[in-house]
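Trainee: The structure under discussion is supplied below as structure tokens; questions concerning it will follow.
Protein chains in written order, with this note's numbering: chain E, 2 to 78; chain D, 173 to 401.
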């Protein structure tokens, strides 16, 4: 069965305080050099062969992501 | 001004709704008739207006309001709102209205990443909507605010259009506690029939149980409007 990954991240202009909090925690692990973290969501879908790319983009754009605040990518594995 | 005391106002219950009981109580306090609506049914039971209450519908899974916005009852609400039926979305209800596309923009995590629970002063900036005719322009009201995803965001052109057309209905007094753009606490549709706000007017209808009775006028306003229809 085909597997599909949809990744959703906040748009660049949307303040992401969760990503900022993660970035601020990294120095406490002794890790430097990370300038920015953006936190998003990762979806893994198992779909029938009949589910075409247009349908996958509909799934992503109408439910998994909110296009007002988020960008998304669809990738077949 | 006399209220339309037989005005029937639907209050939707989703799995995870918290404030449907208080919203129905507010309708009763305003001399309206609350009608319980169920998320899985597309029957609005002939109501004259609808309140989408606060809470955590579907556990805020995916995004606050995202799952609720696709339920059968919301399909019916969207159709009725496009025909001019007044709709009020409070907190999670506001998030649902945005996810459903009835109001522009979105609510995201509060900028300080904290759940806020406090009494909040708001300015009423538009007194021509179906839900605000009983207020005076610039009036300040005190109502509870309680959420973690309350920061209103919209793209620059949407925000400019809302401001230019007077569709910012409620604004936080002072700095927005959650980082909301332009300190927006509530907005309305172009026809002023659909209003959404993050703070909770239904918790401020009696000084015995809330910080004020300033929220009651919202429910009385819509009953006035229905009486004139």
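Think of the CB as a built atom: it goes at the ideal place given N, C-alpha and C, for glycine as much as any other residue. Here the structure is a predicted model, which is why all the values come from computation and not from measurement.
May I have the straight-line CA-CA distance separating residue 381 of chain D from residue 191 of chain D, to the nearest angstrom?
Mentor: Taking the first residue of the second chain as position 1, residue 381 of chain D is located at position 209. Taking the first residue of the second chain as position 1, residue 191 of chain D is located at position 19. Distance between the alpha carbons of residue 381 of chain D and residue 191 of chain D is about 14 Å.
Trainee: What residues in the segment 18–36 of chain E have a beta carbon less than 7 Å from any beta carbon of chain D?
Mentor: Listed by position, the residues of the segment 18–36 of chain E near chain D (Cβ gap below 7 Å) are 18, 19, 22.
Trainee: What residues of chain E sit near residue 278 of chain D, judged by a beta carbon separation below 8 Å?
Mentor: The residue labelled residue 278 of chain D in the question sits at position 106 within the second chain. In chain order: 67, 69, 70.
Trainee: Would a check of beta-carbon distances place residue 357 of chain D closer than 8 Å to chain E?
Mentor: One-based indexing of the second chain puts residue 357 of chain D at position 185. Residue 357 of chain D does not count as touching chain E.
Trainee: So residue 264 of chain D is in the alpha helix (DSSP H); what residue range does that whole segment cover?
Mentor: Within the second chain, numbered from 1, the residue matching residue 264 of chain D stands at position 92. First-last of the alpha helix (DSSP H) with residue 264 of chain D: 264–271.
Trainee: Determine the chain E residues that contact residue 281 of chain D at a beta-carbon separation under 7 Å, and present them in chain order.
Mentor: Locating residue 281 of chain D in the second chain gives position 109, counting from the first residue. Correct list: 18, 19.
Trainee: Touch check for the segment 276–290 of chain D and the segment 10–28 of chain E: three-plus C-beta pairs under 8 Å?
Mentor: Yes, the segment 276–290 of chain D is in contact with the segment 10–28 of chain E.
Trainee: Check whether the Cβ atoms of residue 244 of chain D and residue 214 of chain D sit closer than 8 Å, and answer yes or no.
Mentor: Your numbering for residue 244 of chain D matches position 72 in the second chain. Your numbering for residue 214 of chain D matches position 42 in the second chain. It is a contact, given that the beta carbons lie within the stated cut-off.
Trainee: Check whether the Cβ atoms of residue 295 of chain D and residue 342 of chain D sit closer than 8 Å, and answer yes or no.
Mentor: Along the second chain, read from residue 1 onward, the residue named residue 295 of chain D stands at position 123. Along the second chain, read from residue 1 onward, the residue named residue 342 of chain D stands at position 170. It is a contact, given that the beta carbons lie within the stated cut-off.
Trainee: Are there 16 or more other CB atoms within 10 angstroms of the CB of residue 401 of chain D, so buried, or fewer, so exposed?
Mentor: Along the second chain, one-based indexing puts residue 401 of chain D at 229. Exposed.
Trainee: For residue 306 of chain D, name the three-state secondary structure that DSSP assigns.
Mentor: In the second chain, counting from the first residue as 1, residue 306 of chain D sits at position 134. If DSSP states are grouped into helix, strand and coil, residue 306 of chain D belongs with coil.
Trainee: Determine the chain D residues that contact residue 57 of chain E at a beta-carbon separation under 7 Å, and present them in chain order.
Mentor: Along the first chain, read from residue 1 onward, the residue named residue 57 of chain E stands at position 56. Here the premise fails: no neighbours, minimum Cβ distance about 17 Å.
Trainee: Indicate whether the contact test is met: 3 or more Cβ pairs, each with one atom in the segment 312–326 of chain D and one in the segment 369–381 of chain D, closer than 8 Å.
Mentor: With the cut-off at 8 Å, the segment 312–326 of chain D and the segment 369–381 of chain D touch.
Trainee: Between the segment 317–348 of chain D and chain E, which residues of the former have a C-beta closer than 9 Å to a C-beta of the latter?
Mentor: So the list reads 323, 325, 326, 327, 328, 330, given in the order they occur along the chain.
Trainee: Residue 70 of chain E and residue 32 of chain E - do their beta-carbons sit closer together than 8 Å?
Mentor: Position 31 of the first chain, counting from 1, holds the residue named residue 32 of chain E. Position 69 of the first chain, counting from 1, holds the residue named residue 70 of chain E. In this structure, residue 70 of chain E does not lie closer than 8 Å to residue 32 of chain E by Cβ.
Trainee: Using a beta-carbon distance below 8 Å, is residue 351 of chain D in contact with chain E?
Mentor: Residue 351 of chain D sits at position 179 when you count from the first residue of the second chain. It does: the Cβ of residue 351 of chain D has a partner Cβ on chain E nearer than 8 Å.
Trainee: Indicate whether at least one CB of chain E lies closer than 8 Å to the CB of residue 240 of chain D.
Mentor: Position 68 of the second chain, counting from 1, holds the residue named residue 240 of chain D. So, not an interface residue.
Trainee: Rounded to the nearest angstrom, what separates residue 193 of chain D and residue 256 of chain D at their Cα positions?
Mentor: Counting from 1 along the second chain, the entry for residue 193 of chain D is found at position 21. Counting from 1 along the second chain, the entry for residue 256 of chain D is found at position 84. For residue 193 of chain D and residue 256 of chain D, the distance between alpha carbons rounds to 25 Å.
Trainee: Check whether the segment 328–347 of chain D touches the segment 356–367 of chain D, counting contact only when three or more Cβ pairs, one atom from each stretch, lie closer than 8 Å.
Mentor: Yes: the two stretches touch, three or more of their Cβ pairs being nearer than 8 Å.
Trainee: Jot down the residue ranges of each uninterrupted alpha helix (DSSP H) in the segment 218–264 of chain D, minimum 4 residues, whole runs only, in chain order.
Mentor: You should have 244–254.
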